[in-house]
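Asker: Starting off with a structure, shown below.
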Ligand code: GLC
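Have a look at this one:
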């Protein structure tokens, strides 16, 4: 039984995209050594936990989400011993460590897939191999599309399985596992235990809604797999099948063998918070990302309704709500808020064409992103901060075609630039070629950094009391006393364009309108997202207020 209030129910979790966080050996790729050096930065920022994107050996067909060995560390990132030491060092600083587990698919270099291609029938059973359609079997077995573009099937060109097709909902280098196979189930429970034994506090579950496919792999009636994955559109036989829940009941039994508590966070893109709540039943997962907050346009009424919906549905299963403003898959917050605000911001992320020709106003986007952070950190539940959000970094949208790495770019036939623009190596200082990202300043970073990031570096922001970094530090310092156990959100009557709520002895106001509004008498400003706020709240600004008495 979980204790009354567990750390993860109110935590601020910082997402470390390890490839781009800090490079300790000077090869231009982030690594464990670099992360270890920067742990004190994260402790001083005030985060409760880090979630590290996949750090396992991988051919990097999808930036590490193609895992070749779930029980080891990618050589470019370090060694298993370094990983162990990192977990211990983080714990020493009071930071919990959450890993990323990728159960929907392996790499095509995983020993199982290699064995399957070499003709081992038991290994082939662990994946989805099928004959093709058509007189010569040269058409894919069904109409599913890869999330990254193109068919979700690749035909085996040589060897004993020549002519068969295998399913990959993502890149061809990411064959989908067959979760109806008992060996697959046993293997993953064992992998969880492997890392729990090494002190890891929990797992973020990649594509948690994808493991079970509808029996017989029926056509999806041309429904776009990518859009249905993100549930911008309706249902699809590849996603959110009821059979997936039995898997998580098994995982929960594994986690519950450990003390202190080990937890799971689902990445599940499902059509409603009601469907999401099913993953959070008491014998399943602990929490799940709720993505409506990051899909919300910058409008008080929209924000208010996603907040109510997220809180209501989490409460229905006794889970904490979760607040995500960005991650390694979506356009950075600053940039989303830099342009016109369509109904679903995430949609534009995968169909960037919608924004084509509209110049971003980054100064405006930054201002709104800072305000959004104060809303996020005032709400009950868990908040996720993606590395670089605390620096208000913008999306880099003009990467040259030849440096792009995201498989989305090639698989979409070079129409969707993909997600590299939110994965640029972090700027730590303002005085060397890689902005202090790489231990060797002569290193060539795996994605190029823009020429103007010195001003956004950690060092530059350190010196500026009004920087976004110092805003986050102040917010995370105040959050425990002001908000952590403050109870329910009570909306205040604040007028058009303004959302305001009270929790305990504090209020959070945000102005998404175009006119300044007066703040209520008898309150004092505890923290404002923009300098100079006193009794009046300007547009695109948020404030935390202490109420008198
Ligand atoms: C998740 C990850 C994303 C990855 C995909 C396939 O959505 O967040 O980065 O490409 O799964 O593993």
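Residue numbers (full-length UniProt numbering): 1 to 549. For each residue, glycine too, the CB sits at the ideal point set by N, CA and C.
1) Beta strand (DSSP E) containing residue 547: first to last residue?
2) What number of angstroms, rounded off, separates the C-alpha of residue 14 from the C-alpha of residue 69?
3) So is residue 16 buried or exposed if we call it buried at 16+ other beta carbons inside 10 Å?
4) Residue 65: beta carbon under 7 Å from a heavy atom of the ligand GLC?
5) Please determine, among 272, 192, 370 and 433, the residue with the shortest C-alpha to C-alpha distance to residue 257.
6) By DSSP, does residue 153 sit in helix, in strand, or in coil?
7) By the DSSP assignment, the alpha helix (DSSP H) with residue 250 in it spans what residues?
8) Please classify residue 532 as buried or exposed, where buried requires at least 16 other C-beta atoms within 10 Å of its C-beta.
9) Please classify residue 349 as buried or exposed, where buried requires at least 16 neighbouring CB atoms within 10 angstroms.
10) Is DSSP giving residue 456 helix, strand or coil here?
11) Quick check on the DSSP output: the beta strand (DSSP E) that includes residue 14 runs from which residue to which?
12) Is residue 188 near the ligand GLC, judged by its Cβ being under 7 Å from some heavy atom?
13) Mind checking which residues open and close the alpha helix (DSSP H) that includes residue 196?
14) Should the region 433–451 be called in touch with the region 172–181, which here means at least 3 C-beta pairs below 8 Å?
15) Residue 472 by DSSP, collapsed to three states: which one?
16) Less than 7 Å between the CB of residue 207 and some heavy atom of the ligand GLC, yes or no?
17) Given a threshold of 16 other Cβ atoms within 10 Å of its Cβ, counted over all protein chains shown, does residue 294 qualify as buried or as exposed?
18) Does the count of Cβ pairs from the region 264–271 and the region 305–314 closer than 8 Å reach three?
19) Thinking just about the alpha-carbon of each residue, which of 493, 440 and 160 is nearest to the one in residue 115?
20) In whole angstroms, give me the CA-to-CA distance for residue 199 and residue 87.
21) Which complete beta strand (DSSP E) runs does the region 503–540 hold, if anything under 3 residues is left out?
22) DSSP puts residue 85 in a beta bridge; with which residues?
23) So is the beta-carbon of residue 143 under 7 Å away from any non-hydrogen atom of the ligand GLC?
24) In terms of DSSP beta bridges, what is residue 382 paired with?
25) Under the rule that 16 or more other beta-carbon atoms within 10 Å means buried, what is residue 145, buried or exposed?
Answerer: In short, the structure shows the following:
1) From DSSP, the beta strand (DSSP E) with residue 547 extends over 541–547.
2) Their Cα atoms are separated by approximately 25 Å.
3) When all chains shown are included, residue 16 counts as buried.
4) Proximity of the beta carbon of residue 65 to the ligand GLC is indicated: a heavy atom of the ligand is located closer than 7 Å.
5) Residue 192 is the option with its Cα nearest to residue 257.
6) DSSP places residue 153 in strand when its eight states are reduced to three.
7) For residue 250, the enclosing alpha helix (DSSP H) has its first and last residue at 244–255.
8) Counting every other CB atom within 10 Å of its CB across the protein chains shown gives residue 532 a total below 16, marking it as exposed.
9) Model confidence at residue 349 stands at a pLDDT of 44, short of 50, so the residue's coordinates are unreliable and nothing is read from them.
10) Residue 456 falls in the helix class under three-state DSSP.
11) Residue 14: member of the beta strand (DSSP E) spanning 12–16, first to last residue.
12) Checking the 7 Å criterion, the Cβ of residue 188 is out of range of every heavy atom belonging to the ligand GLC.
13) Taken as a continuous stretch (DSSP letters only), the alpha helix (DSSP H) holding residue 196 covers 182–197.
14) Per the Cβ contact rule, the region 433–451 is not in contact with the region 172–181 (fewer than 3 Cβ pairs under 8 Å).
15) Residue 472 falls in the helix class under three-state DSSP.
16) At least one heavy atom of the ligand GLC is nearer than 7 Å to the Cβ of residue 207, so yes.
17) With 16 or more other Cβ atoms inside 10 Å of its own Cβ, residue 294 counts as buried.
18) Output reads no: the region 305–314 does not touch the region 264–271.
19) Considering only alpha carbons, the answer is 160.
20) Near 7 Å, if we compare the C-alpha coordinates of residue 87 and residue 199.
21) Whole beta strand (DSSP E) segments, 3+ residues: 506–511 and 523–528.
22) Beta bridge pairing from DSSP links residue 85 with no other residue.
23) Distance from the C-beta of residue 143 to the nearest heavy atom of the ligand GLC is not below 7 Å.
24) Answer is 322.
25) Answer is buried; the Cβ neighbour count reaches 16.
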